[in-house]
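Colleague: Mind looking over this structure? Questions follow.
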Amino acid sequence: MKKAAETLIKSFTCDTGGLLKALHALQYQHGYIDPALIPLVADTFNITKAEVKGVISFYEDFRGSPPGKHVIKVCQAEACQAVGAREITEKLRSKIGLPTDDLTCDTSATESVTVEPVFCLGLCSVAPAVSVNGELRGRVDAENFSSEIKALEEAG
Amino acid sequence: MLKLFLPLDSAAVAVGADAVAAEILSVTRSTDKDVTLTRTGSRGMHWLEPMLEIEDENGRRAFGPVLPNMVSSLLKGNFSDDHPAALGRVEEIVYFEGQQRETFARCGVADPLSLADYEKHGGLAGLNNAQGLSPESVCEEILTSGLRGRGGAAFPAGIKWNTVREAAANQKYIVCNADEGDSGTFADRMIMEGDPFLLIEGMIIAGLAVGATKGFIYLRSEYPVAKHILAQALQAARADGLLGADAAGAGKPFDIEVFVGAGAYICGEETSLLESLEGKRGQVRAKPPLPALEGLHGKPTLVHNVISLCSVPAILKNGGQWYQNLGVGRSTGTMPFQLAGNIKRGGLYEVPFGITLGELVHDIGGGTRSGRPVRAVQVGGPLGAYLPGNMLDIKMDYEAFQEIGAGVGHGGIVVFDDTVDMAAQAKYAFDFCAKESCGKCTPCRIGAVRGSETMTHVIEHKDTSKNLLLVKDLCDLMEDGSLCAMGGMTPVPVRSAMKYFPEDFLGENSESGGR
Chain A
124 MKKAAETLIK
134 SFTCDTGGLL
144 KALHALQYQH
154 GYIDPALIPL
164 VADTFNITKA
174 EVKGVISFYE
184 DFRGSPPGKH
194 VIKVCQAEAC
204 QAVGAREITE
214 KLRSKIGLPT
224 DDLTCDTSAT
234 ESVTVEPVFC
244 LGLCSVAPAV
254 SVNGELRGRV
264 DAENFSSEIK
274 ALEEAG
Chain B
1324 MLKLFLPLDS
1334 AAVAVGADAV
1344 AAEILSVTRS
1354 TDKDVTLTRT
1364 GSRGMHWLEP
1374 MLEIEDENGR
1384 RAFGPVLPNM
1394 VSSLLKGNFS
1404 DDHPAALGRV
1414 EEIVYFEGQQ
1424 RETFARCGVA
1434 DPLSLADYEK
1444 HGGLAGLNNA
1454 QGLSPESVCE
1464 EILTSGLRGR
1474 GGAAFPAGIK
1484 WNTVREAAAN
1494 QKYIVCNADE
1504 GDSGTFADRM
1514 IMEGDPFLLI
1524 EGMIIAGLAV
1534 GATKGFIYLR
1544 SEYPVAKHIL
1554 AQALQAARAD
1564 GLLGADAAGA
1574 GKPFDIEVFV
1584 GAGAYICGEE
1594 TSLLESLEGK
1604 RGQVRAKPPL
1614 PALEGLHGKP
1624 TLVHNVISLC
1634 SVPAILKNGG
1644 QWYQNLGVGR
1654 STGTMPFQLA
1664 GNIKRGGLYE
1674 VPFGITLGEL
1684 VHDIGGGTRS
1694 GRPVRAVQVG
1704 GPLGAYLPGN
1714 MLDIKMDYEA
1724 FQEIGAGVGH
1734 GGIVVFDDTV
1744 DMAAQAKYAF
1754 DFCAKESCGK
1764 CTPCRIGAVR
1774 GSETMTHVIE
1784 HKDTSKNLLL
1794 VKDLCDLMED
1804 GSLCAMGGMT
1814 PVPVRSAMKY
1824 FPEDFLGENS
1834 ESGGR
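Residue numbers (my numbering), protein chains in the order written: chain A, 124 to 279; chain B, 1324 to 1838.
Encoded structure:
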């Protein structure tokens, strides 16, 4: 696996912004960026481990651990706030028993569902908006949506 | 043969366009109806999405919002205007009729992935004209047009073009800022999904004019559909010779690459974007040096928002003077305003500058979706001002907004009804800044956190007047001391909320110092 990762990372070293591309590719393959791969990334790009960690931690997209089976993103920005984003978030939190209090800022997860805040999906005219495993949804109804995700969560 | 058109636009897909498309294909396959279905961009009437169009000898008629279970009745009834979802001729729908679509002329009309269709609908005319002009003359047209950067800063585009053109360097770049992070904005997304060749044409014109050979589209990762469409459009443009070693037959190389961001609002700031494009943390650079002189990899770089670059082909097609005659004062041309949030008729509305905010919110947008009174309207994204419902007679024009300490930004308009708590919105402005600050300068990094804490005290009625003074002082400091607009303009929504909605910041027994 390490060999495959190395080949993958190497394919981006000559590109403009290659590090971001390599991190995207690693996350695409594994669903997250294994911290054990950081030294390899650093060596391949000939930069320090601190720099690699710094880049990973700067961007919201990059995860250091595997997400749940289902990734739910709920838009928390103004246009969605204006039509009930906070209600969706609260219903979701209480219904599936997420451990984090402030879902407007932090990721929270049960075993099978990861809920992440997102700041604008560009669906502001059909707000409130969410994405479910990459599928975009607009004009979301808080009650129906939280029930649907609860069913997903229970199915595991 | 029936010619049908249905948007592939994310906003249409998010409310069920793909299911409608699947139903059309399934129904027509099981009957022997001869039907073609073209997926286009959206006309921008998002409250009517999924909006299905049918072409006849007189043009297009629309139906919407269409549900999958309406498809067979529509087909059976031969798309009669008696159908409950019938909207009549697209051009006669009031929302559409009042617009002047220059940038979005083809969006929702042409097949976004067909270069031939693009040309058939007037595409490439700007590039053809530009090729008959010297680089100096192309820049002169842009200068004459009065086009100002549509990303938010509203800097005169022609000046930037000339700066890059006159810079001596062995390599120059065009960078398209497609990191459209402002809530309430989606014009960039719509045009990239609905008319990607327009952006490509604009970038080629810019490249030839300033002497750049490579372009990047820095696209936010939240726009997967746009990524997919752009990739296919770029491939088609290369196959056609528009891009490549002899771009558009001009004898010079030019190519474009899509670069996907990784979820950081700050990367919409041009220097942060360049850092990110170099594969680093998206931390803001101090200016000067200007990116126009030392940008990507330290080379002269023309950084422009998507809509700025998409305005270029029409300017070269019709002339800079034509563009300058649109709009008001120094706000020339058209602007695709975006109506969002709690609004009845949400969508995109392209008109010359000068229309009032009230016309957009009430006459065009139909007021709130909830039916309650409009209490606040935020213009220009998370760093834009909150204006009260009785102040909407202001003209959409850069100078008019500047005069009241606000900004047009990227043209996003977010409507709130009377249930909004403006103290919570002010706190959110700080929270957002705290979350998205790049951390390079102290006023932004620390100020946002302290602002959020202090606003929490205000909301809990603790020493309200003292804490409000602190917030005001903090706003002054952030505005004066921050390195970029993130920290520098976070005070805009905060101050406007405090100024126009003071009642939301005073507790019932606030002046006694709270609990």
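Just so it is clear, CB atoms sit at the ideal spot from N, CA and C, and this is done for glycine as well.
Given this structure, state the Cα-to-Cα distance separating residue 1688 of chain B from residue 1370 of chain B, to the nearest angstrom.
Modeller: Looking at the two C-alpha atoms, the distance is approximately 10 Å.
Colleague: Is the CB-CB distance between residue 1468 of chain B and residue 1589 of chain B below 8 Å?
Modeller: Contact: no.
Colleague: Here's the rule I'm using: 16 or more other beta-carbon atoms within 10 Å means buried, otherwise exposed. How should residue 1818 of chain B be labelled?
Modeller: Buried, by the Cβ-count rule.
Colleague: For the beta strand (DSSP E) that residue 1779 of chain B lies in, which residues bound it at each end?
Modeller: Counting along the chain, residue 1779 of chain B falls outside any beta strand (DSSP E), though it belongs to the alpha helix (DSSP H) covering 1765-1782.
Colleague: Closest Cβ-Cβ distance between residue 1836 of chain B and chain A: below 8 Å?
Modeller: Bear in mind that the predicted position of residue 1836 of chain B carries a pLDDT of just 40, short of 50, making it unreliable; the figure below should be weighed with that in mind. No, because no Cβ of chain A sits closer than 8 Å to the Cβ of residue 1836 of chain B.
Colleague: What does the Cβ neighbour count give for residue 1635 of chain B, buried or exposed, with the cut at 16 atoms within 10 Å?
Modeller: Buried, since its Cβ has 16 or more Cβ neighbours within 10 Å.
Colleague: Just to confirm the assignment: which complete alpha helix (DSSP H) runs, minimum length 4, are found wholly within the stretch 1712-1739 of chain B?
Modeller: Those alpha helix (DSSP H) runs which fall completely within the stretch 1712-1739 of chain B and span 4+ residues are 1721-1726.
Colleague: What first and last residue would you give for the beta strand (DSSP E) that runs through residue 1378 of chain B?
Modeller: Per DSSP, residue 1378 of chain B belongs to the beta strand (DSSP E) from 1375-1379.
Colleague: If you drop the 5 nearest sequence neighbours on each side, which residues of the same chain put their C-beta closer than 7 Å to that of residue 219 of chain A?
Modeller: So the qualifying residues of the chain are 233, 236, 272, 273 and 276.
Colleague: Going straight from the alpha carbon of residue 1466 of chain B to that of residue 1480 of chain B, what length do you get?
Modeller: Computed Cα separation, rounded: 7 Å.
Colleague: Run the CB neighbour count on residue 1592 of chain B, radius 10 Å, all protein chains shown included, and call it buried at 16 or more, exposed below.
Modeller: That one is buried.
Colleague: In its own chain, which residues sit with a C-beta less than 6 Å from the C-beta of residue 1833 of chain B, not counting the 5 before and 5 after it?
Modeller: Because residue 1833 of chain B sits at a pLDDT of 43, beneath the cut-off of 50, its placement in the model cannot be relied upon, and the following sentence gives the value as read from the coordinates. Counting only Cβ-Cβ distances below 6 Å, and skipping sequence neighbours, we find 1784 and 1787.
Colleague: Is it the case that the stretch 184-196 of chain A contacts the stretch 1731-1739 of chain B, given that we only count it when at least three CB pairs across the two stretches are under 8 Å?
Modeller: In short, these stretches do not touch, since the Cβ pair count stays below three.
Colleague: What whole-angstrom Cβ distance do residue 1782 of chain B and residue 1758 of chain B have, given they're in contact under 8 Å?
Modeller: Actually they do not touch by this definition, with Cβ atoms about 18 Å apart.
Colleague: Whether or not the stretch 1518-1538 of chain B and the stretch 1648-1655 of chain B are in contact is what I'm after, with contact meaning three or more pairs of Cβ atoms, one per stretch, closer than 8 Å; do they touch?
Modeller: With the cut-off at 8 Å, the stretch 1648-1655 of chain B and the stretch 1518-1538 of chain B do not touch.
Colleague: So residue 262 of chain A packs on residue 1338 of chain B, CB below 8 Å; how close in whole Å?
Modeller: Yes, residue 262 of chain A and residue 1338 of chain B are in contact; Cβ-Cβ is about 6 Å, under 8 Å.
Colleague: Beta-carbon separation of residue 1498 of chain B and residue 1597 of chain B under 8 Å?
Modeller: A contact, by the Cβ cut-off of 8 Å.
Colleague: Write down the C-beta distance between residue 1531 of chain B and residue 1573 of chain B rounded to the nearest angstrom, noting that I regard them as a contact closer than 8 Å.
Modeller: Confirmed, about 6 Å.
Colleague: Extract the residue ranges of the beta strand (DSSP E) inside the stretch 1479-1522 of chain B, only unbroken runs of 3 or more that lie entirely within it.
Modeller: Correct list: 1496-1501.
Colleague: From the DSSP output, in three-state form, read off residue 1356 of chain B for me.
Modeller: Residue state, collapsed to three classes: coil.
Colleague: Does the distance from the C-beta atom of residue 1566 of chain B to that of residue 1552 of chain B stay below 8 Å?
Modeller: No; because the gap between Cβ atoms is not below 8 Å, this pair is not in contact.
Colleague: Taking residue 1554 of chain B as part of the alpha helix (DSSP H), name the residues at either end of that continuous run.
Modeller: First-last of the alpha helix (DSSP H) with residue 1554 of chain B: 1547-1563.
Colleague: Which residues, in order along the stretch 1664-1677 of chain B, keep a beta-carbon less than 7 Å from a beta-carbon of chain A?
Modeller: Answer in chain order: 1664, 1665, 1669 and 1670.
Colleague: Does the count of Cβ pairs from the stretch 166-182 of chain A and the stretch 1704-1715 of chain B closer than 8 Å reach three?
Modeller: Too few Cβ pairs lie closer than 8 Å, so no.
Colleague: Which residue or residues does DSSP assign as beta-bridge partners of residue 1628 of chain B?
Modeller: The partner list for residue 1628 of chain B (beta bridge, DSSP) reads B:1500.
Colleague: Residues in the stretch 1416-1430 of chain B with C-beta within 7 Å of chain A's C-beta atoms, listed in sequence order?
Modeller: Cβ contacts with chain A come from no residue of the stretch 1416-1430 of chain B.
Colleague: On the three-state DSSP scale, how would you describe residue 1672 of chain B?
Modeller: Looking at residue 1672 of chain B - three-state DSSP - the assignment turns out to be strand.
Colleague: What residues are listed by DSSP as bridge partners for residue 1537 of chain B?
Modeller: Paired residue(s): B:1496 and B:1578.
Colleague: Between which two residues does the beta strand (DSSP E) harbouring residue 204 of chain A extend?
Modeller: Here residue 204 of chain A belongs to no beta strand (DSSP E); instead the alpha helix (DSSP H) covers 201-204.
Colleague: Give the C-beta separation of residue 1492 of chain B and residue 1622 of chain B to the nearest angstrom, bearing in mind that I take them to be a contact with Cβ-Cβ under 8 Å.
Modeller: Confirmed, about 5 Å.
Colleague: Name the two residues that bound the continuous beta strand (DSSP E) containing residue 1644 of chain B.
Modeller: Element bounds for residue 1644 of chain B: not the beta strand (DSSP E) but the alpha helix (DSSP H), 1643-1647.
Colleague: So with CB distances below 8 Å, who are the chain A contacts of residue 1789 of chain B?
Modeller: Per Cβ cutoff of 8 Å: no residues; residue 1789 of chain B is ~26 Å from chain A at best.
Colleague: Considering Cα atoms alone, identify which of A:253, A:177, A:231 and A:160 is closest to residue 1602 of chain B.
Modeller: Minimum Cα distance to residue 1602 of chain B is reached at A:177.
Colleague: Check whether the stretch 1652-1661 of chain B touches the stretch 1674-1681 of chain B, counting contact only when three or more Cβ pairs, one atom from each stretch, lie closer than 8 Å.
Modeller: The answer is yes - the stretch 1674-1681 of chain B touches the stretch 1652-1661 of chain B, with three or more Cβ pairs under 8 Å.
Colleague: Over the uninterrupted alpha helix (DSSP H) stretch that includes residue 1598 of chain B, give me the two end residues.
Modeller: Note, residue 1598 of chain B: alpha helix (DSSP H), 1593-1600.
Colleague: Shortest alpha-carbon distance to residue 1340 of chain B belongs to which of B:1328, B:1373, B:1324 and B:1368?
Modeller: Closest option to residue 1340 of chain B, Cα to Cα, is B:1373.
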